[in-house]
Amino acid sequence: MESRIEQRTRTMIIDNLDGDEPLSNLSANRDFDQVLQARISRRGVLKGGLGASIAMLFGDAAHAGVGADSSAKAMAPAAAGAASKLGFTPVPISSADDVTVPPGYRTQVLAPWGTPLAGGDADAAFDPTRIGAADQAQRVGSHHDGMHFFPIEGQDPFHGSSSDGLLVMNHEYVEPRFMHAAAIGQALTRGAVPALIDGKRPADEVMKELNGHGVSILRIQRQPDGAWDVVADSRNRRITGLTPMEMAGPARGCDLLKTRYSPNGARTRGTLNNCAHGVTPWNTYLTCEENWAGYFVNRGSRPREQWRYGVSTASARYAWDLADNGADDYVRFDVAATAAQASEDYRNEPNTFGWVVEIDPFKPDSTPVKRTALGRFAHEGVVFQPAVEGKPVVCYSGDDARNEYIYKFVSAQPFHKATAGGHLLDHGTLYVAKFNDDGGGEWLPLVWGQGLLRPQPINQVEDPDCSCFQSQADVLVNTRLAADRVGATKMDRPEWGAVDPATGLVYFTLTNNTSRKQADAANPRANSRWGHILRWKEANDAAALRFEWDIFLLSGPTEDSEFNGAKLDAKQIHNSPDGLWFDRDGRLWIQTDSSESAMNSGDYAQFGNNQMLACDPVSKDLRRFLTGPLGQEITGVVSTPDGKTLFVNVQHPGATTSKEQFAAGQLTGTWPNQGRYPRSATVVITREDGGVVGG
Ligand code: FEO
Ligand code: CA
Ligand code: CA
Ligand code: CA
């Protein structure tokens, strides 16, 4: 008999690399590039090229207000000439395996993957392959992403202590080759998993990977010497891919949510691929399920709620369905229909993913709740307009896949601070954005029974599989198809959004989209490699059905970029904007996620490692603030209420290590512990003079 280790060296299954951004929008809806091109054409400003066109567009929008009514104009930023809110010396690009910040700033690594929930310093001798499968659920997960600092008072998400709080963060995915002793010495890419010769996966490795996903809740405190530590607390907690969760909202209990685990469609297990996040006005955390589709496989015939999201017919990302103990926790990732009815198999398991999940970090015994009224798609994050007493709650969420959409939710009930809670997210209207050629936009309601969202096909030639909806639950489970149906605008991978607290303007990153078809040969960005940031202004109040939009920033190298009427210079160039956040003073922080398959090579080399910039949208100042180590993306940013401590996440350091280099033990990046396996971690940034970070 061969040992299991020997068997593992015989075969390797699943080499899914990034496993994200499936292309599955088959609708005829127009691409955003077509809209942008059409808008530019209408204004007759093509002579100067796309860059000049963009300058004109955001120039008149930013200062004059492009909205049709006075209240919209009142939301526009102040006139130019204002002093810059940025007070630091920009840093150059970097390809070093380290974090760089401006002179006068200091950094500290906090809570790297594997940190015990009870606290303890980052261990320089730590070996993550020795963490047990169950133990991983008692330690910080991998691949840090969106996060929030909740002041310890637990009253308000943005006010309270600036030295003591709960740091709550997402763990988007894992890199199996850095997790398992059996991987050492094998030629594994960053997406590959080692398997047994019969194609199965050891169940302990599967459990460890599931426990590396999810969310961490960590009490952190600033110590007398200024350093921050994770400290023991009854609220310290891990949410993982196995944690029981409630379904809530219109889809709870519907036939499409019934599984063998939950025959009444009310519960599920776990949250996966938690990318960016949201913070509710009632002081809870929202974690967003992004590229969940890749975790499932259906080797049979996929229903529309699977193919429209890119569930594979060949293999699941980590092959958890092939765990060698056949446990119910793992076989659920094989979602072929095998039983007489849905409540006896896992054909509907993927329908319990793709949601926004609410977690109360101050109640360690609470069950996370998936809020189905916000729709089911590849949720990048969710961002709220400031809550106004007596007005509906309004939030926005992007669907980060190529050619997908941007959504808005408006609660049915008004916000009252005294009674506000998650129930406000269970009743309301979900809208999808349509960007019109003239700079206007519409929020199209996804309400069953209204317009085209009805049980009957629209006409005889339409495919009923795509165009018929039987209930609001059906609309929500099939949010993408409903959005196709009403004519939403296909976008270049919507990532994070941010709402300017002073103006209510909503900014969104569109990271890139090389699949975008060329609508017009003259459009230099039909194949969008660098990405851009757009923004919009609601027509009157946040719940408006119309808006005015504008391009804020065209990312890219100097020769193919645009900001405030000029090309980006050496202190500004970047590509693939992703993370986005407004601090308390109105600085817009922009984080980049250039793919690890491209970074530091070819014409991506000019950007160096992924980075974070700060922008003052009023004075039109933009400067690079931070560069990260090798192989990572910078994602997740939040400050303490006083603005004097900034937390930034470094995700997937060392991911650029090739399979040959991995086999030889020659890692390209080993941050934060030189010479060891790389680990995602939080970077704590402060000013040596104790001032506000960025100011
Ligand atoms: Fe997880 Fe779209 O970034
Ligand atoms: Ca992202
Ligand atoms: Ca990423
Ligand atoms: Ca990204």
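The numbering of the sequence shown is our numbering, which starts it at 24 and goes up by one. We put the CB at the ideal spot given by N, CA and C, even for glycine. Given the structure is predicted, the values throughout are model-derived calculations rather than measurements.
Out of curiosity, what's the CA-to-CA distance linking His446 and Asp388?
As a first step, residue 446 is located in the sequence shown; it is residue number 423 there, counting from the start. As a first step, residue 388 is located in the sequence shown; it is residue number 365 there, counting from the start. Straight-line Cα distance between these residues: approximately 19 angstroms.
From the DSSP secondary-structure annotation, give me the bridge partner or partners of Lys431.
In the sequence shown, residue 431 corresponds to position 408, counting from 1. Paired residues: Tyr419 and Tyr454.
Would DSSP call Val715 helix, strand or coil?
Walking along the sequence shown from the start, residue 715 turns up at place 692. DSSP places Val715 in coil when its eight states are reduced to three.
Using the three-state DSSP reduction, which class does Ser620 fall into: helix, strand or coil?
The residue given as residue 620 occupies position 597 in the sequence shown. Correct three-state label for Ser620: coil.
Tell me the DSSP secondary structure of Gln364 in three-state form.
Numbered from its first residue, the sequence shown carries residue 364 at position 341. Note: Gln364 maps to coil in three-state DSSP.
DSSP-derived helix/strand/coil call for Ser662:
On the sequence shown, position 639 is the one that residue 662 refers to. If DSSP states are grouped into helix, strand and coil, Ser662 belongs with the strands.
What does the alpha-carbon distance come out to for the pair Gly677 and Ala119?
One-based indexing of the sequence shown puts residue 677 at position 654. One-based indexing of the sequence shown puts residue 119 at position 96. Distance between the alpha carbons of Gly677 and Ala119: 12 angstroms.
Taking the alpha-carbon of Ala566 as reference, which of Leu528, Lys590 and Thr112 has the nearest alpha-carbon?
Along the sequence shown, one-based indexing puts residue 566 at 543. If we check each option's Cα against that of Ala566, Leu528 comes out closest.
In this structure, how does DSSP classify Lys223 when only helix, strand and coil are distinguished?
Here residue 223 is taken as the residue at index 200 of the sequence shown, counted from 1. Reduced to three states, the DSSP call for Lys223 is coil.
Run of the alpha helix (DSSP H) containing Asp497, from where it starts to where it stops
The residue labelled residue 497 in the question sits at position 474 within the sequence shown. Element bounds for Asp497: Gln495 to Val500.
Which word fits Lys393, buried or exposed, when buried means at least 16 other C-beta atoms lie within 10 angstroms of its C-beta?
Against the sequence shown, residue 393 aligns to sequence position 370. Lys393 should be labelled buried.
Just to confirm, are His167 and Ser703 a CB contact at a threshold of 7 angstroms?
Along the sequence shown, one-based indexing puts residue 167 at 144. Along the sequence shown, one-based indexing puts residue 703 at 680. Contact flag set, yes.
Asn52 versus Lys513: straight-line alpha-carbon distance, rounded
Looking up residue 52 in the sequence shown gives position 29. Looking up residue 513 in the sequence shown gives position 490. Cα to Cα, Asn52 sits roughly 7 angstroms from Lys513.
Hey, how far is the Cα of Ala505 from the Cα of Val122?
Residue numbering aside, residue 505 sits at position 482 when the sequence shown is read from its first letter. Residue numbering aside, residue 122 sits at position 99 when the sequence shown is read from its first letter. Taking the straight line joining both Cα atoms gives about 43 angstroms.
Would Asp592 be called buried (16 or more neighbouring beta carbons within 10 Å of its own) or exposed?
Within the sequence shown, the letter at position 569 stands for residue 592. So Asp592 counts as exposed.
Which partner residues of Gln131 appear in the DSSP bridge assignment?
Looking up residue 131 in the sequence shown gives position 108. Partner(s): Val707.
Roughly how many angstroms lie between the CA atoms of Asp352 and Gly237, to the nearest whole one?
Mapped onto the sequence shown, residue 352 falls at position 329. Mapped onto the sequence shown, residue 237 falls at position 214. So the alpha carbons of these two residues sit roughly 15 angstroms apart.
Own chain, CB closer than 8 angstroms to Lys414, minus 5 neighbours either side, in chain order:
The sequence position of residue 414 within the sequence shown is 391, counting from 1. Within the same chain, Pro437, Phe438, Asp564, Ala565 and Ala566 come within 8 angstroms of Lys414 by CB-CB distance, once the 5 residues on both sides are set aside.
At least 3 beta-carbon pairs within less than 8 angstroms: the region 550-558 vs the region 467-477:
With a cut-off of 8 angstroms, the region 467-477 and the region 550-558 do not count as touching, because too few Cβ pairs lie within range.
Does any C-beta atom of chain B lie closer than 7 angstroms to the C-beta of Ala215?
Of the protein chains in this structure there is only one, and it is not chain B.
Among all the DSSP beta bridges, which residues are the ones paired with Ser239?
Your numbering for residue 239 matches position 216 in the sequence shown. BP columns for Ser239 point to Met192 and Arg261.
Can you find the residues in the same chain that come closer than 7 angstroms, C-beta to C-beta, to Gly276, ignoring five residues on each side of it along the sequence?
Here the question's residue 276 lines up with position 253 in the sequence shown. The residues are Asn287, Gly288 and Ala289.
May I ask whether a heavy atom of ligand 3 can be found less than 6 angstroms away from the beta carbon of Glu312?
As a working mapping, residue 312 is identified with position 289 in the sequence shown. Incorrect: Glu312 has no Cβ contact closer than 6 angstroms to ligand 3.
Suppose contacts are defined by Cβ-Cβ distances below 7 angstroms. Is Met230 in contact with Ala339 by that definition?
For this step, residue 230 is matched to residue 207 along the sequence shown. For this step, residue 339 is matched to residue 316 along the sequence shown. For Met230 and Ala339, no; Cβs fall outside 7 angstroms.
On the three-state DSSP scale, how would you describe Lys440?
Residue numbering aside, residue 440 sits at position 417 when the sequence shown is read from its first letter. Three-state DSSP puts Lys440 in coil, outside helix and strand.
When you compare only the Cα positions, how much space is there between Gln246 and Phe111?
Position 223 of the sequence shown, counted from the first residue, corresponds to residue 246. Position 88 of the sequence shown, counted from the first residue, corresponds to residue 111. Approximately 26 angstroms between the Cα atoms of the pair.
Measure how close the beta-carbons of Asp268 and Arg292 come, nearest whole angstrom, since I'm counting them as under 8 angstroms.
By one-based count along the sequence shown, residue 268 stands at place 245. By one-based count along the sequence shown, residue 292 stands at place 269. Looking at the sequence provided, one finds Met at residue 268 rather than Asp. Right, their Cβ atoms sit about 7 angstroms apart.
Mind checking Leu46: buried by the 16 CB within 10 Å criterion, or exposed?
The residue labelled residue 46 in the question sits at position 23 within the sequence shown. Exposed is the call here.
Out of curiosity, what's the CA-to-CA distance linking Leu669 and Ser184?
Position 646 of the sequence shown, counting from 1, holds the residue named residue 669. Position 161 of the sequence shown, counting from 1, holds the residue named residue 184. If you take the alpha carbons of Leu669 and Ser184, they lie about 14 angstroms apart.
In or out: Gly474 buried (at least 16 other Cβ within 10 Å) or exposed?
Residue 474 sits at position 451 when you count from the first residue of the sequence shown. By the neighbour-count criterion, in which a residue is buried when 16 or more other Cβ atoms sit within 10 angstroms of its Cβ, Gly474 is exposed.
According to DSSP, is Trp612 helix, strand or coil?
The residue you call residue 612 lines up with position 589 of the sequence shown. Looking at Trp612 - three-state DSSP - the assignment turns out to be strand.
Helix, strand or coil at His167 [DSSP, three-state]:
Position 144 of the sequence shown, counted from the start, is the residue given in the question as residue 167. DSSP places His167 within a strand segment (E or B) once states are collapsed to three.
Between which two residues does the alpha helix (DSSP H) holding Gln684 run?
As a working note, residue 684 is residue 661 in the sequence shown. Start and end: Lys682 to Ala686.
Going by the beta-carbon positions, is the gap between Ile613 and Leu636 smaller than 7 angstroms?
Residue 613 sits at position 590 when you count from the first residue of the sequence shown. Residue 636 sits at position 613 when you count from the first residue of the sequence shown. Yes; because the gap between Cβ atoms is below 7 angstroms, this pair is in contact.
With a CB to CB cut of under 6 angstroms and the five nearest residues on each side skipped, what residues in its chain are close to Cys298?
Within the sequence shown, the letter at position 275 stands for residue 298. Closer than 6 angstroms at the Cβ level, and outside the excluded window around Cys298, lie Asp168, Glu195, Cys311, Glu313 and Glu403.
Given 8 angstroms as the limit, is there contact between the region 406-424 and the region 490-498, that is, 3 or more CB pairs closer than that?
no
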